[in-house]
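Quick notes on the structure that follows.
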Amino acid sequence: MNSEKAFTIGGAHGEAIPQLGKMSNRHGMIAGATGTGKTVTLQVLAEGFSQLGVPVFAADIKGDLSGIAETGKPHPKIDERLAQIPLPHYSRQGFPVSFWDIYGETGLPVRTTISEMGPLLLANLLELNDTQEGVLYAAFRIADDQGMLMLDLKDLRAMLQWMGENAKSLSLDYGNISSQSIGAIQRRLLVMEEQGGDRFFGEPALELQDLMQVDFSGKGVINLLDATRLYAESPRLYSAFLLWILSELFEQLPEQGDAETPKLVFFFDEAHLLFENASKPLLEKLEQVVRLIRSKGVGVYFISQSPMDIPDDVLGQLGLKIQHALRAFTPKDRKAIKSVAENFRANPDLDTASVLTELGIGEALVSRLDAKGTPTVVERVLIAPPQSRIGPLTESERESRVERSPLKAKYAQAIDRHSAYEALKQKAEQIAAEEAKAAEVKPAATRSRSASSRGASSGGMDIVDSLAKSAARAMGSQLGRQIVRGLLGSLFGGRKR
Ligand SMILES: Nc1ncnc2c1ncn2[C@@H]1O[C@H](COP(=O)(O)OP(=O)(O)OP(=O)(O)O)[C@@H](O)[C@H]1O
Ligand SMILES: [Mg+2]
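First residue of the sequence shown: 1, per the numbering used here; consecutive thereafter.
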């Protein structure tokens, strides 16, 4: 091989099958029935990227990817594989890993703020209908207009409650705000809170640069999100989270021309979730992001049991396709096999459809891009063995790594800053205090009460105004900008009402 940056995926008829660094932002897919080798293939790719100095992000749904941090154990089956694949640089080793966990139990906690997640993703996450979604958009716009910070769930809840109390005056500017819709959103928020969503929303929010590290030896750091519990308890939050990272990357990274390697490679396990749960506008945005993020140097790799789970629009963009064995039990299976086979560039030496059902574990049909960006004909490839351990770390191995992480000081502790909730609470207390005082000074209590209730309905915006000012003062201008920026607000929130 020449000096081009590349790593070996596996071997076919005694030759190494390379994945080129410069083609790695052209996205990819790993598919196959259960137990056919998808996770180990992911592991081999992640190792390869890391060795090229490319940081990786991957969700670890079964917890069996964490072994990538440890040196692999010798095994006769691995030697057997090694004998068939030219791998001159194979060397058993562990890779640098940052462990993340939304619940903060098995990794550093990952958080984002409500404003950064934005209304479109949040509406999808909460499964809101159109009317409710309209109210949620209004909440974001009001917060935006008033410079109120929505960081965590209690900010959003306080905002919604306040909107309910001032629905009449707000409706003039922001459209109908019905109490039923507000009630429905509040109930959804409660459910999400019970699933642990309250821990996900807040600060310190994850900074992308912390996912894009290279260690002292030049290896890209592999970021593993422990998604075991998240995936089991809240698959929607899981997909919303990954979509959020993707769109953050899209928004924040500058365009880059053709590069030797991507800036980051992103593995999307259980990708079917992403597509089957997404609303239509979200799906459209997702397809658009996948199309455009390539030029920012990000490669996205989908892992799924069947390529049929991936929309055609996305499927058509994939440069690397690694297809493990498929089962042919039902007529539906057989139909899928036929269509999968037809999607590969035919190889005259291979009967793609029949090979698809014959492939052994850790063996796959592979199509990739050559140095000119042309899809290769499909090849039957024995996937390389990983250099790191197959299977999970022990609890203590993992713990000690989380403990030693240089990012621990930054993320381990949650902070609760003065934001919408605190601001609204403060204001409510202030009003109550003023009312009590007024009642003391003027015994004509009826008059005072009617004045204040009038204030609440017609003077609603004054209250928000003064809140905004005090909030802005308390937080400094930098944060004011953050909410306006509302990353997903601009990317995924373009829908104006
Ligand atoms: N490239 C490989 N080299 C060596 N062993 C492999 C390779 N691929 C798969 N194996 C073996 O096959 C087992 C199953 O593979 P893997 O866990 O990757 O399957 P999977 O498709 O991810 O399964 P599931 O759908 O259940 O998640 C591994 O534990 C490993 O022992
Ligand atoms: Mg797996």
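We treat Cβ as the ideally placed atom computed from N, Cα and C, and that holds for glycine.
| query | Would M192 pass as a contact of L149 if the rule is Cβ separation under 8 Å? | reply | Against the sequence shown, residue 192 aligns to sequence position 192. Against the sequence shown, residue 149 aligns to sequence position 149. The answer is no: Cβ separation not under 8 Å.
| said: For the alpha helix (DSSP H) containing A33, name the first residue and the last one. | reply: Translated into the one-based positions of the sequence shown, residue 33 becomes position 33. First-last for A33: undefined, no H or E at that position.
| field | Buried or exposed by the 16-neighbour rule on C-beta atoms within 10 Å, applied to G218 | value | As a first step, residue 218 is located in the sequence shown; it is residue number 218 there, counting from the start. Flag for G218 reads exposed.
| Below 8 Å between beta carbons: does that hold for F57 and L211? | Taking the sequence shown and counting its residues from 1, one reaches residue 57 at position 57. Taking the sequence shown and counting its residues from 1, one reaches residue 211 at position 211. Against a cut-off of 8 Å, the Cβ pair of L211 and F57 comes out as a contact.
| query | Expressed to the nearest angstrom, what Euclidean distance is found between the alpha-carbon atoms of R368 and A6? | reply | Indexing the sequence shown from 1 puts residue 368 at position 368. Indexing the sequence shown from 1 puts residue 6 at position 6. When rounded, the distance between both Cα atoms is 13 Å.
| task | Report the residue from L246, D215, E70, V378 whose alpha carbon sits nearest the alpha carbon of P406. | result | Numbered from 1 along the sequence shown, position 406 holds the residue referred to as residue 406. With distances taken between Cα atoms, P406 lies closest to D215.
| message | Give me, in chain order, the residues of the same chain whose beta-carbon lies closer than 7 Å to that of R229; leave out the 5 immediate sequence neighbours on both sides. | response | In the sequence shown, residue 229 corresponds to position 229, counting from 1. These residues qualify, in order along the chain: Y103.
| field | T352 vs V378 beta-carbon contact at 8 Å | value | As a first step, residue 352 must be located in the sequence shown, where it is residue number 352. As a first step, residue 378 must be located in the sequence shown, where it is residue number 378. Yes, the pair counts as a contact, with Cβ atoms nearer than the cut-off.
| query | Taking G164 as the reference, which of L153, G21, D144, A139 has the closest Cα? | reply | The residue you call residue 164 lines up with position 164 of the sequence shown. Of the candidates L153, G21, D144, A139, the one whose C-alpha sits nearest the C-alpha of G164 is A139.
| message | Any residue with its Cβ nearer than 6 Å to a heavy atom of ligand 2 should be included. What is that list in chain order? | response | K38, T39, K62
| message | Assuming K500 is part of the beta strand (DSSP E), what are its boundary residues? | response | The structure shown has nothing for residue 500, since the chain only spans 1 to 497.
| task | Have a look at S171, R26, I431, V135 and flag the residue whose alpha-carbon is nearest the alpha-carbon of V265. | result | Translated into the one-based positions of the sequence shown, residue 265 becomes position 265. When each option's Cα is compared against that of V265, the closest is R26.
| At a cut of 8 Å, does the region 268–286 reach the region 305–313 through at least three beta carbon pairs? | yes
| task | Select from A412, Y411, K372 the residue whose C-alpha is nearest the C-alpha of E4. | result | Translated into positions along the sequence shown, residue 4 becomes position 4. Minimum Cα distance to E4 is reached at K372.
| Residue closest to K84, alpha-carbon to alpha-carbon, out of Q146, V54, A69, H13 | For the purposes of this step, residue 84 is identified with residue 84 of the sequence shown, where counting begins at 1. The displayed chain sequence assigns Gln, not Lys, to residue 84. Answer by Cα proximity: H13.
| Given that a residue counts as buried once 16 or more other Cβ atoms are within 10 Å of its Cβ, and exposed if not, what is L172? | For the purposes of this step, residue 172 is identified with residue 172 of the sequence shown, where counting begins at 1. So L172 counts as exposed.
| query | Do the CB positions of I17 and G10 come within less than 8 Å of each other? | reply | Along the sequence shown, read from residue 1 onward, the residue named residue 17 stands at position 17. Along the sequence shown, read from residue 1 onward, the residue named residue 10 stands at position 10. Taking 8 Å as the Cβ cut-off, I17 and G10 qualify as a contacting pair.
| request: Return yes when the Cβ of Q43 is within less than 8 Å of the Cβ of S388, no when it is not. | output: Here residue 388 is taken as the residue at index 388 of the sequence shown, counted from 1. Here residue 43 is taken as the residue at index 43 of the sequence shown, counted from 1. Result yes, Cβ atoms of S388 and Q43 sit closer than 8 Å.
| task | Take every Cβ of the region 174–187, pair it with every Cβ of the region 83–98, and state whether three or more of those distances are shorter than 8 Å. | result | no
| field | 8 Å contact criterion, which F268 and K296 should meet: CB distance rounded | value | As a working note, residue 268 is residue 268 in the sequence shown. As a working note, residue 296 is residue 296 in the sequence shown. Incorrect: roughly 16 Å between the Cβ atoms, too far for contact.
| field | Sequence-distant residues of the same chain with beta carbon closer than 6 Å to R188, five excluded per side | value | Here residue 188 refers to the residue found at position 188 of the sequence shown. Only L126 meet the Cβ criterion.
| Span separating the alpha-carbon of S169 from that of D101 | Taking the sequence shown and counting its residues from 1, the one referred to as residue 169 is at position 169. Taking the sequence shown and counting its residues from 1, the one referred to as residue 101 is at position 101. Looking at the two C-alpha atoms, the distance is approximately 42 Å.
| Can you tell me whether DSSP reads Y90 as helix, strand or coil? | For the purposes of this step, residue 90 is taken as residue 90 along the sequence shown, with counting starting at 1. The answer is coil: DSSP assigns Y90 none of H, G, I, E or B.
| How long is the line joining the alpha carbons of S234 and K38, rounded to whole angstroms? | Taking the sequence shown and counting its residues from 1, one reaches residue 234 at position 234. Taking the sequence shown and counting its residues from 1, one reaches residue 38 at position 38. S234 and K38: Cα-Cα distance of roughly 23 Å.
| Exposure of L488, with buried meaning 16 or more beta-carbon neighbours within 10 Å | Position 488 of the sequence shown, counted from the first residue, corresponds to residue 488. Note that L488 scores 36 on pLDDT, short of 50, meaning its location in the model is unreliable and no value can be drawn from it.
| message | Let me make sure I understand the geometry here. Which of E284, M117, V290, Q430 has the alpha-carbon closest to that of G202? | response | As a working note, residue 202 is residue 202 in the sequence shown. It is M117.
| query | Between which two residues does the beta strand (DSSP E) containing E4 stretch? | reply | Along the sequence shown, read from residue 1 onward, the residue named residue 4 stands at position 4. Here E4 belongs to no beta strand (DSSP E), and DSSP marks it neither H nor E.
| field | P235, enclosing alpha helix (DSSP H) - first and last residue | value | Residue mapping note: residue 235 aligns to position 235 of the sequence shown, counting from 1. Start and end: 235–252.
| task | Measure the beta-carbon distance from V366 to V381 and round it to whole angstroms, keeping in mind my assumption that it falls under 8 Å. | result | What you label residue 366 is simply residue 366 of the sequence shown in a count that begins at 1. What you label residue 381 is simply residue 381 of the sequence shown in a count that begins at 1. With a Cβ gap of about 4 Å, V366 and V381 count as contacting.
| Contact under 8 Å by Cβ, A46 with I245 | For this step, residue 46 is matched to residue 46 along the sequence shown. For this step, residue 245 is matched to residue 245 along the sequence shown. No; because the gap between Cβ atoms is not below 8 Å, this pair is not in contact.
| Where A227 sits in the DSSP three-state scheme | Residue numbering aside, residue 227 sits at position 227 when the sequence shown is read from its first letter. Looking at A227 - three-state DSSP - the assignment turns out to be coil, as it is neither helix nor strand.
| Euclidean distance between Cα positions of A143 and A423 | In the sequence shown, residue 143 corresponds to position 143, counting from 1. In the sequence shown, residue 423 corresponds to position 423, counting from 1. Spanning the two alpha carbons is a distance of roughly 12 Å.
| said: Based on DSSP bridge pairs, tell me the residues matched to K321. | reply: Here residue 321 refers to the residue found at position 321 when the sequence shown is read from its first residue. Paired residue(s): M29, S367.
| request: Kindly examine ligand 1 and report whether one of its heavy atoms sits closer than 7 Å to the Cβ of I361. | output: Here residue 361 refers to the residue found at position 361 when the sequence shown is read from its first residue. The answer is yes for I361.
| task | Would you mind reading off the limits of the alpha helix (DSSP H) that contains F200? | result | Mapped onto the sequence shown, residue 200 falls at position 200. Where F200 is concerned, the enclosing alpha helix (DSSP H) stretches over 197–200.
| Nearest-angstrom Cα separation, counted from A420 out to T131 | For the purposes of this step, residue 131 is taken as residue 131 along the sequence shown, with counting starting at 1. For the purposes of this step, residue 420 is taken as residue 420 along the sequence shown, with counting starting at 1. Going by the C-alpha atoms only, they are around 23 Å apart.
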